[in-house]
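For the sequence shown, position 193 (counting from the first letter as 1) is numbered 186 according to my numbering, and the numbering increases by one without interruption. Glycine included, C-beta positions come from ideal geometry on N, C-alpha and C.
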Amino acid sequence: MKRIVVIGSGIAGLAAAKHFHSKNFNITVLDKGKYPGGRISTRKNKEFIFNHGAQFFTAKSKEFKKICQLGVKDNVLINWNTLSKKDRFIGNPDMREFSYWFSKNLEIYQETLVERIEYNDTFTIITNNKKFTADGLIITAPASQTAGLIKNLDNQIYKLIENVTYFPCWCVMISIKDMNLKKFEIEENSIFSWIISENNKIKNSLSDNCITIHANEKFSLDHLEKNKEFVLDKIIREFTKIYKVKNNDITYKNIHRWRYAKVKNYFPLEHSKISKIMPLGIAGDWCPPMLDGDYCVNGQRVEDAFLSGIECSKTLINKYFK
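In structure tokens, the structure reads:
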């Protein structure tokens, strides 16, 4: 049985791994993060819960609609229909639950940092924990991280990855005592792109009074390398000023920087994501799949990453493992 290693347990990596698993490959997933899912993520403790990454996702393709329908059937997804939009899916009881469900039955090593990769008929993947060997490899990390790993393996793909760029996103999580605000209208010149009361999604005791705030592209890019405490203070000051919230009423605050939130410049659509010289592929929301029909990637959809992972795994099998 051929062994495949997938680097990255975000949705692209999990989708690729699930497809290999369905074709009876021996599959291992490696990721440096604490939990699977990438930006399908949740920050929570005994008192608070924040879905601080992707807020929801949609399904337009036949393949991803099937996954979402199964998720609804297994009660890890619900259809979050708002007044303005329909068919938005959110995790139940939180976004992380979908990631756990989608990653089940896979061999996954979290908190495993890939330090370097060697190739001599087979791959040797050296991590901070142990060595792994593989007959085939898919890398689904963000573009700059993928470039660092692939540089000594395939120079042609490496040079193309260098042109991929992203918009970042600063995310602030706060809890407000006795909060009355439930909806937040965002002004045109605001520094915010998204503000949500977690209780507007799934009501439970942890989501009461929890608010997730995303800064817009310009603010996040301008403040990308600023100190976290400085950015946190700036965003909270703007929030309290606009929405008439007292600083003393904020009982919890935290901040997270999504450095690779939305793709700005993609990997070239016309170029293969599969190496011509070894069984190596790349995938992710920054690697748009070749699709028929009117589906259009936008650099931030969960579905973009899913379809990229599926396409990469299918193409790698057809090219090297038939």
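In this chain, the alpha helix (DSSP H) harbouring GLY302 covers 295 to 313.
About 17 Å separates the Cβ atoms of PHE41 and ILE83, ruling out a contact at the 8 Å cut-off.
GLN293 has its alpha-carbon roughly 27 Å from the corresponding atom of ASN202. Taking all protein chains shown into account, LYS123 has fewer than 16 neighbouring C-beta atoms within 10 Å of its C-beta and is therefore exposed.
Between THR51 and ARG81 a beta carbon distance of about 6 Å is seen, short of the 8 Å cut, so the two are scored as contacting. Inter-residue distance for MET(-6) and ASN19 is about 6 Å (C-alpha atoms, whole angstroms).
Taken in chain order, the whole beta strand (DSSP E) runs of length 3 or more contained in the region 101 to 155 are 107 to 113, 115 to 120, 124 to 127, 129 to 132.
Taken through DSSP and simplified to helix, strand or coil, TRP73 comes out as coil. HIS249 carries a strand assignment under DSSP once its states are collapsed to helix, strand and coil. It is roughly 41 Å from the alpha-carbon of ILE228 to the alpha-carbon of ASN98.
In this structure, ILE101 is the residue among ILE101, LYS11, ILE71 with its C-alpha nearest to the C-alpha of GLY26. In the same chain as CYS162, and ignoring 5 residues on each side of it, the C-beta atoms closer than 6 Å to its own belong to HIS207, SER213, TRP251, ALA254, in chain order.
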